[in-house]
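Residue numbers (UniProt numbering): 1 to 96.
Virtual Cβ for every residue (Gly too), placed ideally from N, Cα, C.
These numbers were taken from a predicted model, which means no experiment stands behind them.
Notes to accompany the following structure.
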């Protein structure tokens, strides 16, 4: 008899979804996950030219929005070095 738990099914499904993602989406997910695990209260996050890895403008926007929410929840601050007008626009709209 096959003994499969719900956790096993969810893990396999999540792995299949992850495998289908583009490299940019995988990088964004990895960065957000790592930040979610490591950012504590009043943390300073330094980011240098994230657009070199996340080229798709909607993905950049989603990343900045996720980062903004995380930092707001944990009373943190980010310093972002960028040449991307998309990031500059998203940061401006989130800081208003």
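Tell me the residue span of the alpha helix (DSSP H) that contains residue 9. 6–20
Check whether the region 68–88 and the region 52–60 are in contact - that is, three or more C-beta pairs closer than 8 Å. yes
DSSP three-state call for residue 54: helix, strand or coil? coil
Taking the C-alpha atoms as reference points, what is the distance between residue 80 and residue 46? 6 Å
Just how far apart, CA to CA, sit residue 52 and residue 43? 24 Å
Could you pull out every residue in the same chain whose Cβ sits closer than 8 Å to the Cβ of residue 27, ignoring the five residues on either side in sequence? 53, 54
Taking residue 32 as part of the beta strand (DSSP E), name the residues at either end of that continuous run. Looking at the DSSP string, residue 32 is not in any beta strand (DSSP E); the run it does join, the alpha helix (DSSP H), is 23–38.
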